[in-house]
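Below is one structure; the comments refer to it alone.
Here you go:
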């Protein structure tokens, strides 16, 4: 008999829903301690606060940095960051499962429950198979990405190009955005390079689809055979990327500080990359601080939406936004149910999407109030839209920056650190961990009507 997570409350100790946020917190703390070691840095070691910010950004696959990754850290420090990125992308429970399998230890029921929570699965059946498939496809895709990037990076950087290829492939697939190019330049030197652009974009998109969708695509290969979830993720992602590309091209084609000097095909490539990277990746081929206000607002919108659930992407997820838009459409058409692809979306999914969106908006605006209050006088060259851009980048675990993080106060960096953690551990996961899961009330009250609109 298939057992669901909802009827596993008889276990003692920390519930699986609470283990996930605690796990990400432990990874960040351990990473911070390692990055503080003298062997991790060239010159002066990082302070605890800067090390914690960097470790949180890496384990939460964000990419916001307070020091330049390519020049400040030694090979040891870069390896620590890469391990944090890989664990943050796969999830610490997936890493633990790999360790259990390698040592041939039995995976307990509690660990299976926690693993299922990390993949967004309601059932325990097949969760280990899903985990191992996700790991296999992750390493295979990252290896292919590293091989393709080496065709460019090895000629450009010599033997170091091998390490550059591996680092950027993992960082791209995990939607982290950390780079080794130096001087906070990211991939701007490759703005017109099709090989680097398309390889990195393919890694970003694949990692952002979600592991369950990757497994479905590998097993079914035909669109009609995919689940409703996979179809929704693929179609919503395609729409966002295409519309984002069109609008970035419109807003930036004449901007001399970004795309103005590029040829027409190069402008299309740069606009496409910007649209893809805003899906929580954090790499950039054009300077973000010189974007037009319209592009910054569009970028912030894409960053808060994010990618697919149970993958390496952040944000409130494309499925949540799609469900809310479909529900609004059903309401306008006076339809009782929210429908897509000939299926009815459950009321529970609609409620969870609405709850997630509301909490994310409240968190975002609370953070914006604090950041604006602290930074508006200290950095008058930055305006509210720059603060909004930085806040959505942190909450969406993107890593793109308009220049605030590098000059921000400790208070603002603390806010950004908390938002990165919330974005990766999951706002809904943390909300459920705090509130807990309770049984439905025994009494159901009579229905009442409230005037709306």
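Numbering (our numbering), first residue to last: 297 to 749.
Glycine included, every Cβ here is placed at the ideal spot set by N, Cα and C.
In this text, all values refer to a predicted model and were calculated from it rather than measured experimentally.
By the three-class DSSP mapping on this structure, what secondary structure does residue i have?
i: residue 744; result: coil
i: residue 461; result: helix
i: residue 446; result: helix
i: residue 488; result: coil
i: residue 552; result: coil
i: residue 557; result: coil
i: residue 585; result: coil
i: residue 574; result: coil
i: residue 382; result: helix
i: residue 306; result: With a pLDDT of 38 at residue 306, under the threshold of 50, the modelled position of this residue cannot be trusted; read the value that follows with caution. Coil.
i: residue 664; result: helix
i: residue 474; result: coil
i: residue 604; result: coil
i: residue 332; result: coil
i: residue 360; result: coil
i: residue 654; result: helix
i: residue 674; result: coil
i: residue 441; result: helix
i: residue 300; result: Residue placement at residue 300 cannot be trusted, given a pLDDT of 43 that sits under 50; what the coordinates show is reported in the next sentence. It is a strand residue.
i: residue 451; result: helix
i: residue 523; result: coil
i: residue 496; result: helix
i: residue 738; result: coil
i: residue 647; result: helix
i: residue 545; result: helix
i: residue 749; result: coil
i: residue 579; result: coil
i: residue 564; result: helix
i: residue 387; result: coil
List the DSSP bridge partners of residue i.
i: residue 640; result: 635
i: residue 337; result: 369
With respect to the alpha helix (DSSP H) encompassing residue i, which residues constitute its N-terminal and C-terminal limits?
i: residue 686; result: 680-691
i: residue 708; result: 706-721
i: residue 701; result: Looking at the DSSP string, residue 701 is not in any alpha helix (DSSP H), and its letter there is neither H nor E.
i: residue 470; result: Taken as a continuous stretch (DSSP letters only), residue 470 belongs to no alpha helix (DSSP H), as it is neither H nor E.
i: residue 613; result: Taken as a continuous stretch (DSSP letters only), residue 613 belongs to no alpha helix (DSSP H), as it is neither H nor E.
i: residue 512; result: 507-516
i: residue 350; result: 344-355
i: residue 481; result: No alpha helix (DSSP H) holds residue 481; DSSP gives it neither H nor E.
Report back the beta-carbon spacing between residue i and residue j to the nearest angstrom; my notes put them in contact at under 8 angstroms.
i: residue 579; j: residue 475; result: 7 angstroms
i: residue 697; j: residue 584; result: 6 angstroms
i: residue 690; j: residue 577; result: About 14 angstroms separates the two Cβ atoms, so there is no contact after all.
i: residue 336; j: residue 330; result: 7 angstroms
i: residue 717; j: residue 320; result: 7 angstroms
i: residue 501; j: residue 572; result: 6 angstroms
i: residue 599; j: residue 574; result: 5 angstroms
i: residue 725; j: residue 316; result: 6 angstroms
i: residue 473; j: residue 358; result: 7 angstroms
i: residue 379; j: residue 701; result: 22 angstroms between Cβ atoms; not a contact.
i: residue 471; j: residue 609; result: 5 angstroms
Using a threshold of 7 angstroms, is the CB atom of residue i nearer than that to any non-hydrogen atom of the ligand NAD?
i: residue 343; result: Looking at this structure, you won't find the ligand NAD or any other ligand, since it has none at all.
Sufficient close CB pairs (3 or more, under 8 angstroms) joining the stretch 642-651 to the stretch 663-682: No: fewer than three Cβ pairs fall under 8 angstroms.
Check whether the stretch 559-576 and the stretch 697-711 are in contact - that is, three or more C-beta pairs closer than 8 angstroms. When Cβ pairs closer than 8 angstroms are counted between the two stretches, the stretch 559-576 is seen not to touch the stretch 697-711, the count staying below three.
So, do the stretch 349-357 and the stretch 371-391 have three or more beta carbon pairs nearer to each other than 8 angstroms? Contact holds: three or more Cβ-Cβ distances are below 8 angstroms.
Using 8 angstroms as the cut-off, can you tell me whether the stretch 546-555 makes contact with the stretch 585-598, which would need three or more C-beta pairs spanning the two stretches below that distance? Yes, they touch.
For the stretch 496-506 against the stretch 521-540, do three or more pairs of beta-carbon atoms, one drawn from each stretch, fall closer than 8 angstroms, so that the two count as touching? Segment contact: the stretch 496-506 against the stretch 521-540, three or more CB-CB distances shorter than 8 angstroms; contact assigned.
Check whether the stretch 512-525 and the stretch 619-626 are in contact - that is, three or more C-beta pairs closer than 8 angstroms. These segments do not touch.
Check whether the stretch 425-432 and the stretch 470-489 are in contact - that is, three or more C-beta pairs closer than 8 angstroms. As far as the Cβ criterion goes, the stretch 425-432 does not touch the stretch 470-489, which means the pair count is below three.
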